[in-house]
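Structure record follows, encoded as structure tokens.
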Amino acid sequence: ATLNRIFSAKPKLARA
Amino acid sequence: WGDDGHYAVCKIAQGYFEEETVVAVKKLLPEYAGGELAAVCSWPDDIKKLPQWRWTGALHFADTPDFKCNYEYSRDCPKDVCVTGAIFNYTNQLLSASENSHSIVHYNLTEALMFLSHYMGDIHQPLHEGFLGDLGGNRVKVNWYSQETNLHRVWDDMIIDSARETYYNSSLSIMIQSLQAKLKYGWSNDVPSWKSCPLNQKACPNPYASESIDLACKYAYTNATVGTTLGDYYFLSRLPVVEKRLAQDGIRLA
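The listed protein sequences correspond, in order, to chains L and C. Just so we're aligned: 13 in the working numbering is position 13 of the first sequence, and the numbers increase by one with no gaps anywhere. Take any residue in the second sequence, note its place counting from 1, add 1000, and you have its number in the working numbering.
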């Protein structure tokens, strides 16, 4: 479950 | 764990990867792994004695003070240099890449994946949270049937080896299939709680360490003082503990 949580983490929107 | 234990944990975990994890792990694995995470889960053990990797040796354990049957991060993981600190560290390294691809620091994510997978294995082996004074059972000389060994090796290897010989036709893959079947049927109600982490944490190794020192005191050290010959009684009563730890381990790693 740890690797699934890590790799499903959505990329943060690049700060404007 | 020994090689077979780490192989089993990572093989079980592979069966629970979500699609994004399958893609990410395949990208990160070294060529020689042939697409199999299980092929590289012992790599941290293979390198820990090399001069340039000697610093990683302490990351396989947490140092519980003698006869304390509980776990405290602040007491047992000085300067974050222990198995729980390592799990947090390599989780954050992998997260830093997947959450923000413009991350300034470029970690070696292949190493981070192999270290995280290995340490998630070790933290579930009760004697990897064993007492500092006897080096997690390494200094407790015992006989495993007629073989001279030490208590740490009994839990890393001997119980798994004896199970494989006795019940699984000497085949590790048959043993793994049996654990996978138990996860589907016997432990299916436990799997959701094993998977979850409180407070939306990505990784939560501290409770795993608490479970391990509890099991070390209740099962590993009990009736296993220096010079004891461990046989059927110890093997048959401890095998269920080892099998459940390996299965739980695979779920939590995935």
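Here a beta-carbon is modelled for each residue, glycine too, at the ideal position from N, C-alpha and C.
| Check | Outcome |
| --- | --- |
| Compare the C-beta of L/ALA16 against all C-beta atoms of chain C and say whether one is closer than 8 Å. | Reliability of the predicted coordinates at L/ALA16 is poor, the pLDDT of 37 falling under 50, and no value is obtained from them. |
| Sort C/TYR1119, C/ILE1159 and C/CYS1197 by Cα distance to C/GLY981 and report the nearest one. | Any answer about residue 981 of chain C is impossible in this case: the structure gives chain C only from 1001 up to 1254. |
| With a threshold of 6 Å on Cβ separation, who are the neighbours of C/ALA1008 within its own chain once the five nearest residues in sequence on each side are excluded? | ILE1176 and LEU1246 |
| With the cut-off set at 8 Å, would you say C/TYR1071 and C/ILE1213 are in Cβ contact? | yes |
| Assess contact between the region 1237-1245 of chain C and the region 1207-1223 of chain C, defined as three or more Cβ pairs (one per stretch) separated by less than 8 Å. Is contact present? | yes |
| Does DSSP put C/TRP1144 in a helix, a strand or coil? | strand |
| Using three-state DSSP, classify C/PHE1131 as helix, strand or coil. | strand |
| Which of the three DSSP states, helix, strand or coil, is assigned to C/CYS1010? | helix |
| Could you spell out the range, first to last residue, of the alpha helix (DSSP H) harbouring C/GLN1257? | With chain C covering 1001 to 1254 only, the question about residue 1257 of chain C has no answer from this structure. |
| Using only the alpha-carbon positions, how far apart do C/THR1229 and C/LEU1132 sit? | 23 Å |
| Does the distance from the CB of C/THR1084 to the CB of C/ALA1209 come in under 8 Å? | yes |
| Residues in the same chain with beta-carbon distance under 6 Å from C/VAL1183, minus the five sequence neighbours each way, listed in chain order, please. | Strictly speaking, residue 1183 of chain C in this sequence is Leu, with Val absent from that position. Once the five neighbours on either side are set aside, the close Cβ partners of C/LEU1183 are ALA1247. |
| Contact criterion: CB-CB distance below 8 Å. Does C/ASP1120 meet it with respect to chain L? | Per the sequence presented here, residue 1120 of chain C reads as Met, with Asp not at that position. C/MET1120 counts as touching chain L. |
| Answer yes or no: do L/PHE7 and C/ALA1203 have a C-beta to C-beta separation smaller than 8 Å? | no |
| Alpha helix (DSSP H) containing C/LYS1244: first to last residue? | 1232-1254 |
| Measuring only between beta-carbons, confirm whether C/LYS1195 sits less than 8 Å from chain L. | yes |
| Helix, strand or coil for C/THR1110, going by three-state DSSP, please let me know. | helix |
| Using C-beta distances below 8 Å, list every residue in its chain close to C/THR1110, excluding the 5 sequence neighbours before and after it, in chain order. | LEU1028, LEU1029 and PRO1030 |
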